[in-house]
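Top to bottom, those sequences are chains G and R. Residue numbers in the first sequence follow this note's numbering, run continuously in steps of one, and reach 531 at the last position. Residue numbers in the second sequence follow this note's numbering, run continuously in steps of one, and reach 860 at the last position. Inspection log for the structure reproduced underneath, given as structure tokens.
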Amino acid sequence: MPRSSSLPPRPLRLIAGAALALSIAGLVVLVLCSILRAATGAAASSVDIWRLVVMTSTQAALTTVLSLIVGIALAWALNRLRFPGRDLIVGLFASAIVTPGLIIAFGLLAVWGRAGWVNEASLALTGQPLELPIFGLGGILFAHVILDASFAARILLARLDAIPEARLKMGQGLGLSAVQRFTVIDWPMLGPTLPGLGAIIFLLAFTSFPIVLLLGGGPANQTLEVAIYAAVRLDFDLAGAVQLALVQIAICSAIIVATAAFAPISAATGPSRPTRWHDAGWVRSLQWTILGVGVVGFALPLLAILADGIGPGIVDLAQRPSFWRALFTSLALGAGSAALTLLLALTIGMARAATASRLARTAIGAPAYAYLAVPAVVLSLGAFLLVRDMGLLPEFAAPVVVLVANALLSLPFALATLAPPLEAIATSRGRLIRSLGLRGWSQFRDVEWPLLSRDAGVVVALSFCFSLGDLGVIALFGTEDFTTLPLAMYRALGAYRSNDAAAIAALMLLLTIAAFTLLPRLFRRSNDAAS
Amino acid sequence: MSFKHFALAAALSAIAVPTLAQDKPVLTVYTYDSFAAEWGPGPALKAGFEQTCGCTVNFSASEDAISTLRKVQLEGATSPADVVVGLDTATAPEARKTGLFATHDLTLPTLAINWADAEFVPFDYGYFAFVYNKETTPNPPKSFEELIALPPSFKIVLQDPRSSTPGLGNVIWIRTAYGDRAPEIWQGLKPHILTLSRGWSEAYGLFLDGQADMVLSYTTSPSYHAIAEQDGKYAYAAFTEGYVPQVEVAGVLKTAKQPELARQFLAYLVTPEAQAIIPTTNWMYPVLDIADTLPAEFGTPPANVLTLDETVLDTSLKAWVDEALAALQ
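What follows is the structure, given as structure tokens:
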């Protein structure tokens, strides 16, 4: 289908999107330049880069493939099955990715580790401990898949849930088998989302740090990110750190561009009602099995976190003003960053959807992903130097920097959620929009937003929770009074107060699950009321 | 609170602080996060010093000690810091080489440790040691070699020397105790190492969760559990090789805006008043002999202490880290 002929011309959207993409790319360049300017002396890294690259890429590729397969299976099962508490399960799955990796890793060990539930049960039943290989590459992959596959499942489920009823009715009428239904109806919805999703998962796994060290079992398993961290802190070799960071950014960019080149245009979406089309009996058994394994694998570690943290420690915590300050700061940052993320993702997504050129779409979208490829330690160093270069006091610039950083961090996820439906709308309704002579604003208000609000709800929940869970950027800012929940948690953990840390972790998880269960629903409702 | 209010509050506080500064001089102290935290020594030391100095103490906390050093290195002559608190045995040589620190020019009181240093004033110290649970490990190993001889199911958690102070301390410990045999020791430890975590917190968390039998921490860690949690089941394994100390120090920057106050603050850190605050907030030994106010649970610091040569440490540390990581590959 010749797309270009059907697309309404939207020069403003293209300009806004291109300007935003340029700014993000510019920010990454500025960060690296400010570090290079501060560097004294040439790069003196003794790291065997290629060994690290091979090791990191292998781990990231395995994580990506496994996460996508598991994610598709889970989304497929969840799309077909209806049961009480389904929303809660969906919320629980979605919350994994935004929970700090360290919490997930500890939750994993609480279930599968040496003193974990599974081992205790085995000891009680058989008198023998199970020697589970939870440390090493297996452990890293397990933790990454918990984080990423459940996220993939959430995004893919949103795609499947958006299949128009008419198409489902037609498929049912044609008597499609379960396999045909998947290939003919589901796959066209899922396929276009996979490259962007895969790229994100690859980037997350490639740049993973605390999980890799915690579960890696020693220096045999590590990532480039660890080497970059060491170059900055142990050696203070800033030029070397930038060099390694550039290698990481180059590899990740190659992945981003490659996946963008493969991405087909998404199928159209439409309002959807809960499906009444059940698959055959054995297929349903398979779906229940997948869901059961998924719940055991993914929900148990999260439940372990809740079980560990909810107790008398919470009462103690609630009596401390510092906790309430941290909570308010986190909620305010989360709300601000969610709004900013939605705005940025819509700007970039609409610009991408307004052009038929694959090259232009890639150029507009890629910088948003590139931010994920910048090592956290480089980012925090660069942000600190940038703020100083601008003549601002770091401790007062901190809230703004965290807000922007959090929004940029969740932007790729938001884009992976919003870009496919935006492109699908432009393709399938472009001609209609043209013939009606709708202007850009009415196109957004009357056509796009009503179709997008379900996905927008997911984006808002996602970025809200990301912001709750992240505090990577302001390590150097010296912000005594500016405390967020994750910072409070790490503080407690670093001062023997593991009960406090467990309570905060559980609270963050509860907040996240609540946000993921309620926010998308809120958006769906406001949309239903409007239409 | 809406974000708008939050941003407004942040902006207002930005205006409010400089006006406060006109009333009293401000002493800016760079330190690590858990030092300045509400349960750390920071708040009490601030209150104590402010009673006499006629100034305001302002802590600016970074992630950890090495970050504070990197921060003043990056800021150079424009650093707002007067004092850096929390550098240690492993980082002090490097800090000295930056040329950013001034001499303290203080006559220190008699200290519990050997100390003669023109730039840095010690305020507490500890020894790296393996901590274990007396209930689950009734017979802990008494040396690295005994540890190596145990079955591989006996697990220890270490920290990555590239990202963690105790992790680095362990590299120094093994090298100081065993010299050129260090790679052999590391290879022997390999089957026992559950993992090398990013920081002390994660490693200690793994140990408390029962994932490992011992964790690399400090000789003072059991004192925390005994005092703060009334839990006496933790102890440190007495190693016959001897221990390497971690002395935490403070120094005045050459670019300090308040050099006099800065030196007074350093002197305050080694007063009996300040020293009485530190043990139960920072969980390290005081550098003054304050036996009458030190809780009994701290016990007596170990006597067989290995001596470190700062010049060797400075030139060889990087090679030692590489050697240890290579042995664990």
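Cβ atoms here follow ideal geometry from the backbone N, Cα and C, with glycine treated the same way. Owing to the predicted nature of the structure, the values given are computational and were not obtained by experimental measurement.
List, in chain order, every chain R residue whose beta-carbon is nearer than 8 Å to that of residue 486 (chain G).
The residue given as residue 486 (chain G) occupies position 486 in the first sequence. Here the premise fails: no neighbours, minimum Cβ distance about 13 Å.
Which same chain residues end up closer than 7 Å to residue 617 (chain R) when comparing Cβ atoms and leaving out the 5 residues on each side of it in sequence?
Mapped onto the second sequence, residue 617 (chain R) falls at position 86. Hits under 7 Å: 562, 563, 566, 596, 599 and 779.
Give a yes or no on contact between the segment 482-502 of chain G and the segment 273-288 of chain G, applying the rule of three or more CB pairs nearer than 8 Å.
no
Cβ of residue 480 (chain G) less than 8 Å from any chain R Cβ?
Counting from 1 along the first sequence, the entry for residue 480 (chain G) is found at position 480. Yes, its Cβ sits closer than 8 Å to a Cβ of chain R.
Quick one: any contact between the segment 106-122 of chain G and the segment 182-195 of chain G, if contact means 3 or more CB pairs under 8 Å?
no
Counting contacts by CB-CB distance shorter than 8 Å, is residue 622 (chain R) in contact with chain G?
Numbered from its first residue, the second sequence carries residue 622 (chain R) at position 91. Answer no: the Cβ-Cβ gap between residue 622 (chain R) and chain G never drops below 8 Å.
Quick one: give me the first and last residue of the beta strand (DSSP E) that residue 726 (chain R) is part of.
What you label residue 726 (chain R) is simply residue 195 of the second sequence in a count that begins at 1. 724-728 is the extent of the beta strand (DSSP E) around residue 726 (chain R).
Buried versus exposed, by CB contacts within 10 Å (16 or more), residue 670 (chain R)
As a position in the second sequence, residue 670 (chain R) is number 139, starting the count at 1. Flag for residue 670 (chain R) reads exposed.
For residue 442 (chain G), would you say it is in contact with chain R, using Cβ-to-Cβ distances shorter than 8 Å as the test?
Against the first sequence, residue 442 (chain G) aligns to sequence position 442. So, not an interface residue.
Relative to the C-alpha of residue 741 (chain R), which candidate in R:840, R:668, R:601 and R:645 has its C-alpha closest?
To locate residue 741 (chain R), count along the second sequence from 1; it is residue 210. For the residues R:840, R:668, R:601 and R:645, the minimum Cα distance to residue 741 (chain R) belongs to R:668.
Taking CB distances under 8 Å as the criterion, tell me whether residue 552 (chain R) reaches chain G.
Within the second sequence, residue 552 (chain R) is the residue found at index 21, counting from 1. The predicted model places residue 552 (chain R) with a pLDDT of 47, which falls under 50 and marks its position as unreliable, so this point remains unresolved.
For the segment 747-767 of chain R, which residues have a CB atom closer than 9 Å to at least one CB atom of chain G, in sequence order?
752, 755, 756, 759 and 760
Would you say residue 700 (chain R) faces chain G, with C-beta separation under 8 Å as the test?
Position 169 of the second sequence holds residue 700 (chain R). It does not: the Cβ of residue 700 (chain R) has no partner Cβ on chain G nearer than 8 Å.
Which of the residues in the segment 805-829 of chain R, read from start to end, lie with their CB under 8 Å from any CB of chain G?
814
Chain R contact for residue 515 (chain G) (CB, 8 Å cutoff)
Within the first sequence, the letter at position 515 stands for residue 515 (chain G). Chain R contact via Cβ: absent.
Give me, in chain order, the residues of the same chain whose beta-carbon lies closer than 7 Å to that of residue 656 (chain R); leave out the 5 immediate sequence neighbours on both sides.
Here residue 656 (chain R) corresponds to residue number 125 of the second sequence, with the count starting at 1. These residues qualify, in order along the chain: 644, 776, 777, 778, 779, 815, 816 and 818.
Span separating the alpha-carbon of residue 552 (chain R) from that of residue 406 (chain G)
Translated into positions along the second sequence, residue 552 (chain R) becomes position 21. Translated into positions along the first sequence, residue 406 (chain G) becomes position 406. Since pLDDT at residue 552 (chain R) reaches only 47, below the 50 mark, its modelled position is unreliable, and no value is offered.
What's the call for residue 170 (chain G), buried or exposed, on a 16-neighbour Cβ count within 10 Å?
Walking along the first sequence from the start, residue 170 (chain G) turns up at place 170. The residue is exposed, with fewer than 16 neighbouring Cβ atoms inside 10 Å.
Along the segment 772-797 of chain R, where does the CB come closer than 9 Å to a CB of chain G? Name the residues.
none
With a threshold of 7 Å (Cβ to nearest heavy atom), would residue 442 (chain G) be considered close to the ligand ADP?
The model on display carries no ligand, and the ligand ADP is accordingly not part of it.
Does residue 311 (chain G) have its Cβ less than 8 Å from a Cβ in chain R?
For the purposes of this step, residue 311 (chain G) is taken as residue 311 along the first sequence, with counting starting at 1. No, no contact with chain R.
Indicate whether residue 137 (chain G) and residue 129 (chain G) have their beta-carbon atoms separated by less than 8 Å.
In the first sequence, residue 137 (chain G) corresponds to position 137, counting from 1. In the first sequence, residue 129 (chain G) corresponds to position 129, counting from 1. No; because the gap between Cβ atoms is not below 8 Å, this pair is not in contact.
Look up residue 775 (chain R) in the DSSP assignment and say whether it is helix, strand or coil.
Along the second sequence, read from residue 1 onward, the residue named residue 775 (chain R) stands at position 244. DSSP places residue 775 (chain R) in coil when its eight states are reduced to three.
From residue 499 (chain R) to residue 235 (chain G), what does the alpha carbon distance come to, in whole angstroms?
Here chain R comprises residues numbered 532 to 860, so residue 499 (chain R) is not present and cannot be evaluated.
How many Å lie between residue 828 (chain R) and residue 758 (chain R) at the Cα?
To locate residue 828 (chain R), count along the second sequence from 1; it is residue 297. To locate residue 758 (chain R), count along the second sequence from 1; it is residue 227. Rounded to whole angstroms, residue 828 (chain R) to residue 758 (chain R) spans 7 Å at the Cα level.
By the 7 Å beta-carbon criterion, what residues does the segment 351-383 of chain G contribute toward chain R?
none
Residue 152 (chain G) to residue 856 (chain R) span [Cα, whole Å]
Residue numbering aside, residue 152 (chain G) sits at position 152 when the first sequence is read from its first letter. Residue numbering aside, residue 856 (chain R) sits at position 325 when the second sequence is read from its first letter. Taking the straight line from one Cα to the other gives about 35 Å.
What number of angstroms, rounded off, separates the C-alpha of residue 324 (chain G) from the C-alpha of residue 318 (chain G)?
The count along the first sequence starts at 1 and reaches residue 324 (chain G) at position 324. The count along the first sequence starts at 1 and reaches residue 318 (chain G) at position 318. Cα-Cα distance, rounded: 7 Å.
When you compare the CB of residue 715 (chain R) with every CB in chain G, is at least one pair closer than 8 Å?
The residue labelled residue 715 (chain R) in the question sits at position 184 within the second sequence. False, the Cβ-Cβ gap to chain G never drops below 8 Å.
Does the segment 141-155 of chain G come close enough to the segment 195-211 of chain G that 3 or more CB-CB pairs lie under 8 Å?
yes
In chain G, what lies closer than 9 Å to residue 627 (chain R) by C-beta?
Counting from 1 along the second sequence, the entry for residue 627 (chain R) is found at position 96. The premise fails here: residue 627 (chain R) is roughly 14 Å from chain G at the closest Cβ pair, so nothing lies under 9 Å.
When you compare only the Cα positions, how much space is there between residue 250 (chain G) and residue 366 (chain G)?
Along the first sequence, one-based indexing puts residue 250 (chain G) at 250. Along the first sequence, one-based indexing puts residue 366 (chain G) at 366. Cα-Cα distance, rounded: 12 Å.
Please list, in chain order, the chain R residues whose beta carbon lies closer than 8 Å to that of residue 395 (chain G).
Taking the first residue of the first sequence as position 1, residue 395 (chain G) is located at position 395. Chain R residues near residue 395 (chain G): 591.
Give the interface partners of residue 115 (chain G) over in chain R, defined as CB-CB distance under 7 Å, in chain order.
Residue 115 (chain G) sits at position 115 when you count from the first residue of the first sequence. The contacting residues are 740, 741 and 742.
Contact set for residue 231 (chain G): own chain, Cβ-Cβ below 7 Å, skip 5 residues either direction:
Taking the first sequence and counting its residues from 1, the one referred to as residue 231 (chain G) is at position 231. Excluding sequence neighbours, residue 231 (chain G) sits near 45, 237, 240, 241 and 244.
Determine, using beta carbons only, whether residue 773 (chain R) and residue 835 (chain R) come nearer to each other than 8 Å.
Start at 1 with the first residue of the second sequence, and residue 773 (chain R) comes out as number 242. Start at 1 with the first residue of the second sequence, and residue 835 (chain R) comes out as number 304. The answer is yes: Cβ separation under 8 Å.
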